[in-house]
Each structure stands twice: as structure tokens, then as C-alpha cells.
Amino acid sequence: MGNKLFVLDLGEIRVDENFIIANSTFVTPQKPTVSSRLIDIPVSAYLIQCTDATVLYDTGCHPECMGTNGRWPAQSQLNAPYIGASECNLPERLRQLGLSPDDISTVVLSHLHNDHAGCVEYFGKSRLIAHEDEFATAVRYFATGDHSSPYIVKDIEAWFAAPRNWDLVSRDERERELAPGVTLLNFGSGHA
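In our numbering, the protein residues as written are 5 to 196.
Okay, structure coming up:
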């Protein structure tokens with residue numbers, strides 16, 4: 005059997021277009037007032053089933069990110085609300101494929117923002133791969149209790165509530181084979 009790739013729809017985040025596309029709206033002398041617009045950006049994860057490994061790329065938003073007792077700070081919920089039905093949360097998407105988090109051998113985290121690493125805590129048996137600089141940045145926000153970024157303190161707190169198998173990619177590591185036919189390329193930390 006060859007490798008199979010599944011694209012998992014995990015909902016959307018509604019944001020000001022300028023957060024995603026720099027200078028999509030801007031003021032000029034000819035247009036002194038410009039209104040921005042909201043756009044919905046997809047939240048997704050990618051599952052690669054191999055003969056001897058199951059690799060997940062990103063984990064999406066935590067199912068309890070929104071609401072009065074949600075994990076995300078109120079300002080994050082206002083500025084970039086998550087929109088997704090219950091069937092869009094990652095554990096449910098895995099169940100729809102006949103899998104559970106325990107079936108995932110490796111989770112690759114592109115970066116550790118709320119819409120990419122919200123469900124890390126479900127993968128206690130998986131190897132969790134993240135860039136060392138990205139990991140250090142997320143831990144710094146957690147350690148200082150800084151709620152001003154997309155590194156969600158409550159998500160990170162849950163990561164450290166139980167042992168995890170973190171495997172950090174160093175700055176000088178160019179690539180890493182995860183499974184036959186699946187190679188991780190290192191372009192650096194963050195939105196690379």
C-alpha cells in the first residue's frame with residue numbers, strides 16, 4: 005500500500021483581511037477612508053497514512069476555545085473567532101476516519117499558534133515535532149502569562165499537564181525523514 009494523504013477540514017477563523025494579506029486595504033490621499041473586510045480562513049490538518057506510520061501535520065483549534073469559559077482570551081475570541089461545527093474538531097475528524105489520537109505515531113507542528121496546536125494535549129502517545137525556536141517562543145509566552153498573542157496559555161498549560169514526547173527540530177537540521185516517502189523540510193520557525 006502506498007502513502008495516503010487526507011486533508012482534514014477543522015473549521016475557519018474569521019479575521020480582518022489585513023491580518024492575513026498585508027496591505028490588502030490601506031489609506032491613500034485619494035482614498036482617505038477605507039473600510040477593511042472580514043474573511044474566513046480555513047483551519048486544517050493533514051493526515052498521512054503510511055505502511056508503518058501515521059503522521060499528522062497540525063492539530064487545529066481546541067474544541068473548547070470559544071465561549072465564556074473558553075481557552076482563548078476574550079480579545080482573541082473577538083478579534084479572530086473560531087467557526088466550526090462539532091464535527092470539525094480534530095478528535096471527531098479522526099474518528100470519522102476510524103482513528104483516534106492514540107493511532108497517530110507522529111504529529112508535526114508547523115508552528116504553535118492557537119489554530120495549529122490547539123489539540124496537542126490529545127497526543128500523549130505521539131512523537132511531537134516542533135522547531136526549537138518556535139517551542140521556546142511558545143514557552144516564553146506561557147511562562148510570562150502573556151495573553152496577547154496566538155500562543156494560548158491555557159493550551160500550553162495542558163501540554164505540560166502530562167508527559168509529552170517532544171522532538172525539537174534544530175535550526176541547522178535541514179530535513180528529516182519521518183517515514184518512507186515522507187520527509188520534513190526545515191524552513192525555520194513560525195509561519196514559514
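Quick reminder that beta carbons are idealized off the backbone N, C-alpha and C, glycines included.
#### Entry: Close-in-space but distant-in-sequence residues of the same chain around residue 163 (CB under 7 Å, 5 per side omitted)
The residues are 124, 125.
### Message
Just to confirm, is the Cβ distance from residue 84 to residue 18 under 8 Å?
### Response
Going by C-beta atoms, residue 84 is nearer than 8 Å to residue 18.
### Query
Going by beta carbon distance, what residues of the same chain come within less than 6 Å of residue 120, once the five residues before and after it are set aside?
Cβ neighbours of residue 120 within its own chain (closer than 6 Å, five residues either side excluded): 62, 114.
### Ranges of the alpha helix (DSSP H) found wholly within the segment 79–126, counting only runs of at least 4
List check, alpha helix (DSSP H) in window: 94–100, 118–121.
### Task
Compute the beta-carbon to beta-carbon distance between residue 182 and residue 189, rounded to the nearest angstrom, for a pair I have assumed lies under 8 Å.
With a Cβ gap of about 11 Å, residue 182 and residue 189 do not count as contacting.
### Of the residues 70, 176, 136, 51, the one placed nearest residue 99, counting alpha carbons only
Each of 70, 176, 136, 51 was checked against the Cα of residue 99, and the nearest Cα belongs to 51.
### Spatial distance of residue 72 from residue 132 (CA atoms)
About 30 Å.
### Query
Are the beta-carbon atoms belonging to residue 118 and residue 65 less than 8 Å from one another?
Residue 65 sits close to residue 118, with the two beta carbons spaced by under 8 Å.
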